[in-house]
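Participant: Got a structure for you, questions after.
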Amino acid sequence: MGIRFILMVNKQGQTRLAQYYEWLTLEERRALEGEIVRKCLARNEQQCSFVEHRNYKIVYRRYASLFFLVGVDNDENELAILEFIHLLVETMDRHFGNVCELDIMFHLEKAHFMLEEMVMNGSIVETSKANILSPIQLMEKAS
Amino acid sequence: MEQLRTFGRELAMGSQGGFYQSKEFLDLVKSIGEARSKAEEDRIVVNEIDTLKRRIAEPDIPKRKMKEYIIRLVYIEMLGHDASFGYIHAVKMTHDDSLLVKRTGYLAVTLFLNEEHDLIILIVNTIQKDLKSDNYLVVCAALNAVCKLINEETIPAVLPQVVELLAHPKEAVRKKAIMALHCFYQKSPSSVSHLISNFRKRLCDNDPGVMGATLCPLFDLITRDVNSYKDLVISFVSILKQVTERRLSKAYDYHQMPAPFIQIKLLKILALLGSGDKQASENMYTVVGDVFRKCDFSSNIGNAVLYECICCVSSIYPNPKLLDSAADIISRFLKSDSHNLKYMGIDALGRLIKISPEIAEQHQLAVIDCLEDPDDTLKRKTFELLYKMTKSTNVEVIVDRMIDYMISINDNHYKTEIASRCVELAEQFAPSNQWFIQAMNKVFEHTGDLVNIKVAHNLMRLIAEGFGEDDDNADSKLRSSAVESYLRILGEPKLPSGFLQVICWVLGEYGTADGMFCASDITGKLCDVAEAYSSDDTVKAYAVTALMKIYAFEIAAGREVDMLTECQSLMEELLASHSTDLQQRAYELQGVIGLDAHAVEFIMPSDASCEDIEVDKDLSFLDGYIQEAIEKGAQPYIPESERPGVLNMGNFRNQDHHESSHGLRFEAYELPKPAVQPRIPRALLPSTEIVPVPEPVYPRETYQTPVTPIPSNPSDAGSAELKLRLDGVQKKWGRPTYTPETSTSNSTSQKTVNGAAQVDGPSTVNSTRETYASRKLQVEISHEKQKLAASLFGGSSKPEKRPATGHKVSKASSHMLEKSHVPNSSMEVASEKTAPAQTPPDLLDLGEPTSTSTAPSLDPFKQLEVLLDATQDASAANSATSASRSPDVMALYADTPVGIHNKDEADLLSGMSNMSGATARPQPTKGSSKGPNPKDSLEKDSLVRQMGVKPSSQNPNLFKDLLG
Chain A
1 MGIRFILMVN
11 KQGQTRLAQY
21 YEWLTLEERR
31 ALEGEIVRKC
41 LARNEQQCSF
51 VEHRNYKIVY
61 RRYASLFFLV
71 GVDNDENELA
81 ILEFIHLLVE
91 TMDRHFGNVC
101 ELDIMFHLEK
111 AHFMLEEMVM
121 NGSIVETSKA
131 NILSPIQLME
141 KAS
Chain B
1 MEQLRTFGRE
11 LAMGSQGGFY
21 QSKEFLDLVK
31 SIGEARSKAE
41 EDRIVVNEID
51 TLKRRIAEPD
61 IPKRKMKEYI
71 IRLVYIEMLG
81 HDASFGYIHA
91 VKMTHDDSLL
101 VKRTGYLAVT
111 LFLNEEHDLI
121 ILIVNTIQKD
131 LKSDNYLVVC
141 AALNAVCKLI
151 NEETIPAVLP
161 QVVELLAHPK
171 EAVRKKAIMA
181 LHCFYQKSPS
191 SVSHLISNFR
201 KRLCDNDPGV
211 MGATLCPLFD
221 LITRDVNSYK
231 DLVISFVSIL
241 KQVTERRLSK
251 AYDYHQMPAP
261 FIQIKLLKIL
271 ALLGSGDKQA
281 SENMYTVVGD
291 VFRKCDFSSN
301 IGNAVLYECI
311 CCVSSIYPNP
321 KLLDSAADII
331 SRFLKSDSHN
341 LKYMGIDALG
351 RLIKISPEIA
361 EQHQLAVIDC
371 LEDPDDTLKR
381 KTFELLYKMT
391 KSTNVEVIVD
401 RMIDYMISIN
411 DNHYKTEIAS
421 RCVELAEQFA
431 PSNQWFIQAM
441 NKVFEHTGDL
451 VNIKVAHNLM
461 RLIAEGFGED
471 DDNADSKLRS
481 SAVESYLRIL
491 GEPKLPSGFL
501 QVICWVLGEY
511 GTADGMFCAS
521 DITGKLCDVA
531 EAYSSDDTVK
541 AYAVTALMKI
551 YAFEIAAGRE
561 VDMLTECQSL
571 MEELLASHST
581 DLQQRAYELQ
591 GVIGLDAHAV
601 EFIMPSDASC
611 EDIEVDKDLS
621 FLDGYIQEAI
631 EKGAQPYIPE
641 SERPGVLNMG
651 NFRNQDHHES
661 SHGLRFEAYE
671 LPKPAVQPRI
681 PRALLPSTEI
691 VPVPEPVYPR
701 ETYQTPVTPI
711 PSNPSDAGSA
721 ELKLRLDGVQ
731 KKWGRPTYTP
741 ETSTSNSTSQ
751 KTVNGAAQVD
761 GPSTVNSTRE
771 TYASRKLQVE
781 ISHEKQKLAA
791 SLFGGSSKPE
801 KRPATGHKVS
811 KASSHMLEKS
821 HVPNSSMEVA
831 SEKTAPAQTP
841 PDLLDLGEPT
851 STSTAPSLDP
861 FKQLEVLLDA
871 TQDASAANSA
881 TSASRSPDVM
891 ALYADTPVGI
901 HNKDEADLLS
911 GMSNMSGATA
921 RPQPTKGSSK
931 GPNPKDSLEK
941 DSLVRQMGVK
951 PSSQNPNLFK
961 DLLG
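Here's what the structure looks like:
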């Protein structure tokens with residue numbers, strides 16, 4: 001399975017994007033997000049970018065005011081996930097140009113479209129920025 | 001300033017073509033963004049829900065507006081509120097003609113619904129239509145939805161179209177189609193079992209994106225069944241080689257690394273395929289070495305790939321050169337300032353340590369630094385490492401540390417985990433009884449009922465049986481120390497139930513055994529327990545029985561018994577208890593006290609907990625009585641099955657409870673069978689309820705069969721739509737994890753490496769001293785740390801394991817004796833030399849250097865290996881040259897000639913390597929690899945299964961007795 005969920009949360013702990021690759025009910029998501037965010041926000045810069053939580057391992061990375069959190073299985077390569085987050089940010093950067101929290105908020109569906117290209121069934125399937133962005137660009141042109 | 005920037009962006013976004021946004025939407029997002037508290041955010045969302053409920057139901061909403069509403073619904077759910085009132089509109093939006101609107105609809109639906117939702121049935125039709133679309137982006141959108149929404153029942157509705165799309169001219173479609181197939185495989189392996197070959201085919205796709213995606217399903221397939229994919233080793237190696245040679249499109253580069261995510265996936269797959277397979281591993285050495293060499297240490301992604309290399313190297317059949325590179329990388333990780341790299345280093349160390357245990361010693365101070373780091377993540381990882389390297393020499397330090405940590409945290413999930421690890425280590429390696437008891441006491445006191453009750457039962461058994469040596473003196477000392485410590489602990493408030501049960505049992509059995517404490521002391525304490533934990537019936541029951549034992553022993557010893565007043569009042573209370581169990585115990589106690597010494601001794605023999613009780617299943621003790629009755633003219637007993645008239649009834653009932661008793665039957669009744677005599681042995685009949693029924697084990701086994709290779713029977717799969725598919729049922733029990741036989745590789749590997757490493761006791765000690773000295777120059781190391789290091793890593797004495805204490809077998813083996821011989825272990829070494837293959841392969845048995853004995857046999861082996869490496873390099877060079885000649889890169893591994901060419905050589909090599917392996921040392925047989933004692937674990941397993949599955953046939957039997 002690999003990736004179980006991807007979250008973007010700002011430093012106040014407000015969710016900005018959530019994508020789950022296994023089904024959780026609304027209540028479960030709410031509880032999980034609360035617990036994880038509390039755990040991750042409490043950590044400092046020097047500490048590991050990985051946190052264990054229940055059966056998940058959370059890999060997180062902070063960009064300005066926004067935290068990117070990825071929940072993975074235990075046998076996932078944490079460093080690779082850390083870089084996957086960066087790849088996601090680079091991709092969004094290429095599309096939005098110097099991406100910020102508001103870009104994701106105003107274009108939530110686009111951020112989701114990018115994730116849909118990059119991750120399927122909890123596995124990373126595409127890492128070429130051009131391939132990730134081309135459907136979005138085509139849709140923009142078409143409409 | 002911030003506001004200005006926001007404003008500028010708004011303007012810029014207003015102009016973004018189809019992604020039009022209304023002022024209303026912008027305001028909403030802005031107010032959510034500016035919310036300063038959760039309460040404020042909730043207020044905004046609740047308002048929004050009100051507005052949307054009104055607006056979304058209005059007629060003739062323009063498309064763009066609707067799309068915006070749907071995104072607002074997504075916001076509502078994302079912020080933790082229910083938006084189910086709008087789901088149907090999202091479903092409707094998937095019908096739209098506009099691609100963007102359609103895709104947004106699909107997105108919303110995948111976010112809102114799970115595959116069991118009722119609305120899914122409305123979408124399947126749309127998906128089917130969209131899969132046939134001319135616009136490939138529409139097809140892609142539909143395929144995204146397929147992965148998220150199609151459940152087991154609806155797979156057949158889209159499967160043919162998805163399979164067709166595997167050959168679509170657009171690579172994006174092929175990629176998504178293969179992932180859809182992957183998803184079907186995850187949900188119901190049998191639904192696609194006839195399509196597995198497609199995954200192999202797509203591996204040769206000439207688009208690297210499709211190939212990269214195909215690695216995901218292949219990884220899953222290989223995890224479940226390694227052996228069917230060994231032929232792909234060459235292909236994977238060849239792909240990895242091309243990736244490292246930068247033959248993939250530049251678009252896949254990430255931070256100057258060529259396609260690192262594909263490299264990582266490939267290394268994971270190779271690790272699976274090479275595990276315990278020398279021949280397959282040899283094909284990988286060169287390319288893994290290349291990856292090591294080409295990785296960039298300075299970037300994160302480079303380190304990620306390096307880490308994956310280490311994982312691969314420690315999984316496949318060991319190669320000294322690669323192990324050296326891995327060790328280098330690990331020390332680089334551990335020396336780094338980055339906590340992330342340290343974490344990876346500790347993890348990698350834990351993997352490599354199984355193969356070359358000696359590398360831990362050079363990193364001991366780094367490990368201790370990580371252990372003492374305030375960062376919890378790092379600390380836990382380090383505990384995991386310590387757990388892997390525990391042996392009898394360092395178990396005290398490690399378990400004590402673990403317990404201290406366990407006490408300090410309050411995360412129950414992790415507390416339970418670390419507690420069971422402590423118990424496991426203590427049971428395996430405990431150096432002394434006192435220590436063991438103390439460690440267990442601490443674990444029980446602090447984790448309470450988080451630990452499995454079986455652990456408590458094990459502890460009781462251990463105290464009763466001792467550590468397995470035939471030394472009664474030691475056993476009784478163990479018991480006395482247990483009793484003593486328990487009496488002390490009882491003074492503490494709030495003890496967990498499981499622990500109290502142990503305490504009561506031990507006090508009852510052995511409280512007065514050594515004469516240190518008199519009966520009134522113990523009974524007083526027991527009464528206190530029953531009083532203090534009066535709401536816990538189990539504890540009370542244990543306490544009463546313990547009281548009975550104490551009094552019985554007193555009476556049997558001829559001493560006067562006078563019951564304490566508190567005990568008497570307890571009895572009075574329990575005689576009137578609502579719990580029949582407690583009542584009965586109380587009455588029994590009362591009865592026992594009234595008996596004379598002789599009778600009591602017979603009922604309650606002292607220290608009888610270890611006696612085996614034989615159950616006379618045939619009730620043969622009644623034979624005399626029966627004989628007598630028959631002689632007096634009684635009718636002899638006729639088993640039910642042999643009685644005329646009753647016969648058919650009996651058969652009916654038998655059939656009845658073979659069918660599952662719940663639910664209606666829909667199929668036609670089968671033809672009546674001629675009555676068959678159930679051949680139940682006469683002797684068994686009266687005792688059916690007592691004899692454990694082995695039946696319940698079978699259903700479990702049928703669950704597990706789908707895990708092993710799915711029979712690719714085309715006819716079977718073709719008719720899958722008609723049949724009831726039960727494999728999905730199995731999935732609900734959790735994905736069966738198939739652990740590949742890593743342990744075999746480890747066991748085989750371990751020996752070679754140990755031989756190569758050649759460490760014997762004194763020299764290691766020296767070397768560690770040297771490292772101390774050299775380190776001292778750089779850093780001032782506290783004395784305490786050094787001591788800790790010495791106790792953790794120092795002394796490479798043999799780790800030996802005691803068989804798990806839960807088993808009675810241990811009586812004969814004299815492990816404690818063995819331990820005392822550790823310093824001069826020459827005797828053991830000699831005995832091992834004679835039968836090296838027989839030593840049980842053992843994961844945790846790390847430091848077992850077979851010392852001097854292996855030296856002569858090792859050299860030819862090493863030489864051979866060097867030889868092999870040389871030939872392999874040559875072959876690699878060959879394939880490299882042939883590769884560079886061919887213009888089409890990706891077609892290379894698709895084309896057969898290269899593959900065959902490689903394969904031939906591989907076969908040749910493997911032949912040689914097999915020979916070398918044979919000469920060096922006999923290969924231990926596969927299978928007998930898991931744990932210290934596979935038979936024991938098997939027994940345990942079957943026991944658990946029997947306990948876990950309730951024999952369903954018992955109830956019908958009950959009725960049978962009532963009716964028959």
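For the protein sequence lines, the chains are A and B, in the order given. So the first sequence is numbered by the UniProt record's numbering: it starts at 1 and just counts up by one. So the second sequence is numbered by the UniProt record's numbering: it starts at 1 and just counts up by one. The beta-carbon is built from N, C-alpha and C at its ideal position, and this holds for glycine as well.
Between A:E83 and chain B, is any beta-carbon pair separated by less than 8 angstroms?
Facilitator: It does: the Cβ of A:E83 has a partner Cβ on chain B nearer than 8 angstroms.
Participant: I'd like to know if the stretch 506-523 of chain B and the stretch 459-466 of chain B are in contact, where contact means that at least 3 CB-CB pairs between them fall below 8 angstroms.
Facilitator: yes
Participant: Do B:V529 and B:L547 have their C-beta atoms closer together than 8 angstroms?
Facilitator: no
Participant: For B:K175, would you say it is in contact with chain A, using Cβ-to-Cβ distances shorter than 8 angstroms as the test?
Facilitator: yes
Participant: Residues of the stretch 319-351 of chain B with a CB closer than 7 angstroms to any CB of chain E: list them in chain order, please.
Facilitator: As a matter of chain content, chain E is missing from the structure shown, whose protein chains are A and B.
Participant: Hey, how far is the Cα of B:M78 from the Cα of B:K294?
Facilitator: 43 angstroms
Participant: Just the Cα atoms here: how many angstroms apart are B:D623 and B:I630?
Facilitator: 11 angstroms
Participant: Quick check on DSSP: helix, strand or coil for B:S193?
Facilitator: helix
Participant: Mind listing the chain A neighbours of B:R380? Cutoff is C-beta to C-beta under 9 angstroms, in chain order.
Facilitator: E52
Participant: Between the stretch 393-402 of chain B and the stretch 424-435 of chain B, do at least 3 Cβ pairs fall closer than 8 angstroms?
Facilitator: yes
Participant: Please classify B:E554 as buried or exposed, where buried requires at least 16 other C-beta atoms within 10 Å of its C-beta.
Facilitator: buried
Participant: If contacts are defined as beta-carbon pairs under 8 angstroms, then B:G558 and B:A519 qualify, I think. What distance do you get, rounded to the angstrom?
Facilitator: Going by Cβ atoms, the distance from B:G558 to B:A519 rounds to 13 angstroms, so no, they are not a contact pair.
Participant: With hydrogens ignored, establish whether the beta-carbon of B:L26 is closer than 7 angstroms to any heavy atom of the ligand NAP.
Facilitator: In terms of ligand content, the structure shown is empty, and the ligand NAP therefore cannot be addressed.
Participant: Please report the straight-line C-alpha distance between A:M92 and A:I6, rounded to a whole angstrom.
Facilitator: 15 angstroms
Participant: Is it buried or exposed, A:T127, if we count other Cβ atoms within 10 angstroms and call 16 or more buried?
Facilitator: buried
Participant: Taking B:Q126 as the query, report the chain A residues whose CB atoms sit under 8 angstroms from its CB, ordered along the chain.
Facilitator: In the sequence under discussion, the amino acid at residue 126 of chain B is Thr, which differs from the Gln named in the question. Within chain A, no residue has its beta carbon less than 8 angstroms from that of B:T126; the closest one is some 17 angstroms off.
Participant: Could you check what DSSP says for B:G728 in three-state terms: helix, strand or coil?
Facilitator: Residue confidence for B:G728 is low, a pLDDT of 42 falling below 50, so the modelled location carries little weight; the figure read from the coordinates is stated next. The answer is helix: DSSP assigns B:G728 an H, G or I state.
Participant: By how many angstroms is the C-alpha of B:A108 removed from the C-alpha of B:I76?
Facilitator: 12 angstroms
Participant: Counting pairs of Cβ atoms below 8 angstroms between the stretch 409-422 of chain B and the stretch 443-460 of chain B, do you hit three or more?
Facilitator: Contact holds: three or more Cβ-Cβ distances are below 8 angstroms.
Participant: Excluding the 5 residues preceding and the 5 following B:A541 in the sequence, name in chain order all residues of the same chain whose CB lies nearer than 7 angstroms to its CB.
Facilitator: D581, L582, R585
Participant: Between B:T104 and B:I71, how many whole angstroms is the CB-CB distance? I'm expecting something under 8 angstroms.
Facilitator: 7 angstroms
Participant: Which chain B residues are close to A:H95, counting only those with a beta carbon under 8 angstroms from its beta carbon?
Facilitator: Correct list: empty, because the minimum Cβ distance to chain B is about 11 angstroms.
Participant: If the cut is a Cβ gap below 7 angstroms, which residues of chain B does A:M105 touch?
Facilitator: The contact set of A:M105 on chain B, defined by CB atoms closer than 7 angstroms, consists of V29, G33 in chain order.
Participant: How big is the Cα-Cα spacing for B:N206 and B:R174?
Facilitator: 11 angstroms
Participant: Can you list, in chain order, the residues of its chain whose CB lies under 7 angstroms from that of B:V139, leaving out five sequence neighbours each side?
Facilitator: D130, L131, S133, L165, V173
Participant: Using a 10 Å radius around the Cβ and a threshold of 16 neighbouring Cβ atoms, would you call B:D118 buried or exposed?
Facilitator: Exposure of B:D118 is indicated by the presence of fewer than 16 other C-beta atoms within 10 angstroms of its C-beta.
Participant: Counting only beta-carbon atoms, is A:S49 nearer than 8 angstroms to chain B?
Facilitator: yes
Participant: Which residues mark the beginning and the end of the alpha helix (DSSP H) in which B:F517 is found?
Facilitator: No alpha helix (DSSP H) contains B:F517, which DSSP labels as neither H nor E.
Participant: Is the shortest distance between the beta-carbon of B:N303 and the beta-carbons of chain A less than 8 angstroms?
Facilitator: yes
Participant: Tell me, please, which residues DSSP counts as bridged to A:V15.
Facilitator: The residue you asked about is not Val; residue 15 of chain A is Thr in the sequence shown. The partner list for A:T15 (beta bridge, DSSP) reads A:V9.
Participant: Short check: CB of B:A366 to CB of B:C311, under 8 angstroms?
Facilitator: The answer is no: Cβ separation not under 8 angstroms.
Participant: What did DSSP end up calling B:F236 once you bin it into helix, strand or coil?
Facilitator: helix
Participant: Starting from A:E109, find everything on chain B with Cβ-Cβ shorter than 7 angstroms and list it in chain order.
Facilitator: I71, T104, L107
Participant: Among residues of its own chain, excluding the 5 on either side of B:L218, which ones have a beta-carbon nearer than 6 angstroms to its beta-carbon?
Facilitator: Shown here for B:L218: same chain residues with a beta carbon closer than 6 angstroms to its own, the five before and five after excluded, namely F199 in chain order.
Participant: From residue 965 of chain B to B:R246, what does the alpha carbon distance come to, in whole angstroms?
Facilitator: Chain B is shown from 1 up to 964; residue 965 of chain B falls before or after that span and cannot be answered.
Participant: In this structure, does DSSP put B:P836 in helix, strand or coil?
Facilitator: Note on B:P836: pLDDT 42, under 50, position unreliable in the model; the coordinate value appears next. In the structure shown, B:P836 sits in a helix (DSSP, three-state: H, G or I).
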